[in-house]
Amino acid sequence: KYVVPVAPQIVLEDHCIIVENDKIKEIVPAAVAKSKYASVPESDQWHGKEHVLMPGFVNCHTHAAMSLLRGIADDVSLMPWLQNHIWPAEGKFVSPEFVYDGTKLAIAEMIQGGITCFADMYFFPDEIAKASHETGIRAVVGLIAMGFPSAYCGAPDKSSEENVKMYIEKGIQIQHEVFKDKPLVHSVIAPHAPYSCGIAGLQHCQVPRPARERESERDSPASPDRPPEQDAADKHGLRLSVHLHESASEVSDWKAEHGG
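Following the working numbering, the numbering of the sequence shown begins with 148 at its first residue and continues without gaps.
In structure tokens:
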């Protein structure tokens with residue numbers, strides 16, 4: 148019945164969207180479509196006589212598998228919530244199967260709400276990619292990195308920076324092996340947060356810079372604070388997603404420890 152595009156900001160009444168080879172070919176009045184595409188079989192048509200057709204919503208930040216942890220310790224400040232409730236629960240329950248099932252549940256809820264793309268950050272990104280691919284939803288899957296071990300990756304005898312590197316290496320391997328045949332699934336480097344990765348861990352991740360800036364660095368001595376070879380996002384051509392100081396206490400704690 149109605150087509151609502153992003154631009155221009157208008158409502159098109161009695162219009163049809165023509166899709167060819169999985170891409171929108173054109174948007175035309177229903178009368179034009181009926182004449183122009185009369186040869187299209189009924190089985191390839193969808194009639195939404197009382198519906199609104201519009202671009203899907205995008206959920207820009209999720210931990211989809213945590214749908215299985217919903218309701219744990221509500222109304223608790225961030226660090227006590229993480230340290231006393233969430234991280235112990237994740238240590239006990241999180242597994243590849245947990246992540247796959249929880250992501251599938253979250254995807255079902257998102258699709259029901261009109262969400263057709265989501266950006267996720269959680270353990271076992273291969274299972275997130277698998278669940279997304281099977282349901283046909285678009286996903287930007289974060290290759291999570293943390294400074295301490297989990298059921299997914301890391302080692303207790305490694306430093307925070309070493310653990311971050313282990314997470315990134317494992318994530319990149321998963322990207323090469325699992326993501327290549329999933330055209331609707333993309334990846335980003337996803338350090339969890341400053342407090343869980345540390346300065347050195349964050350510097351290892353970094354964010355891609357313009358080619359001109361990278362070339363300039365190659366022609367000059369490496370900075371001791373940021374050696375180019377440690378720049379994982381730049382090295383692999385990926386963008387970055389991070390919890391960057393989500394609360395006032397994170398900001399004040401970071402300033403107290405590092406200045407600024």
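Yeah, the Cβ is synthetic: ideal placement off N, Cα and C, and Gly gets one too.
Run of the beta strand (DSSP E) containing residue i, from where it starts to where it stops
i, result
"D267", "262–269"
"H208", "204–209"
Burial state of residue i (16 or more Cβ within 10 Å)
i, result
"E281", "exposed"
"P227", "exposed"
"K172", "exposed"
"G249", "buried"
"P303", "exposed"
"D221", "exposed"
"F204", "exposed"
"G283", "exposed"
"L391", "exposed"
"D381", "buried"
"H210", "buried"
"S394", "exposed"
"K155", "According to the sequence shown, residue 155 is Pro rather than Lys. Exposed."
"Q320", "exposed"
"P272", "buried"
"A237", "This sequence places Glu at residue 237; Ala is not what is there. Buried, by the Cβ-count rule."
"C300", "buried"
"K327", "exposed"
"A255", "exposed"
"A411", "No answer is possible for residue 411: it lies beyond the span of the chain, which begins at 148 and ends at 407."
"P341", "buried"
"V332", "buried"
Which of helix, strand or coil DSSP assigns to residue i
i, result
"E197", "coil"
"F295", "coil"
"L225", "helix"
"V162", "According to the sequence provided, residue 162 is His. The question's Val does not apply to it. Three-state result, H162: strand."
"K382", "helix"
"K148", "coil"
"I157", "coil"
"I174", "strand"
"V398", "helix"
"A302", "coil"
"G406", "coil"
"A220", "coil"
Distance CB(residue i)-CB(residue j) smaller than 8 Å
i, j, result
"M268", "S388", "yes"
"K312", "H351", "yes"
"V287", "A276", "no"
"P243", "E274", "yes"
"V158", "L200", "no"
"G318", "I346", "no"
"F270", "V241", "yes"
"L385", "S343", "no"
"V175", "C163", "yes"
"G348", "S297", "no"
"K148", "D161", "yes"
"A253", "S214", "yes"
"A178", "I165", "no"
"F245", "A278", "no"
"H232", "I219", "yes"
"L225", "S396", "yes"
"F265", "N206", "yes"
Boundaries of the alpha helix (DSSP H) in which residue i is found, first to last residue
i, result
"K181", "177–183"
"H280", "272–282"
"D169", "Run containing D169: none; DSSP gives neither H nor E here."
"L387", "From DSSP, L387 is part of no alpha helix (DSSP H); its letter is neither H nor E."
"L252", "243–259"
"P235", "234–240"
Any non-hydrogen atom of the ligand ADP closer than 7 Å to residue i Cβ
i, result
"P227", "Absent from the structure shown: the ligand ADP. Ligands present: none."
Ignoring anything shorter than 4 residues or poking outside the stretch 306–340, list the alpha helix (DSSP H) runs there in chain order.
307–321
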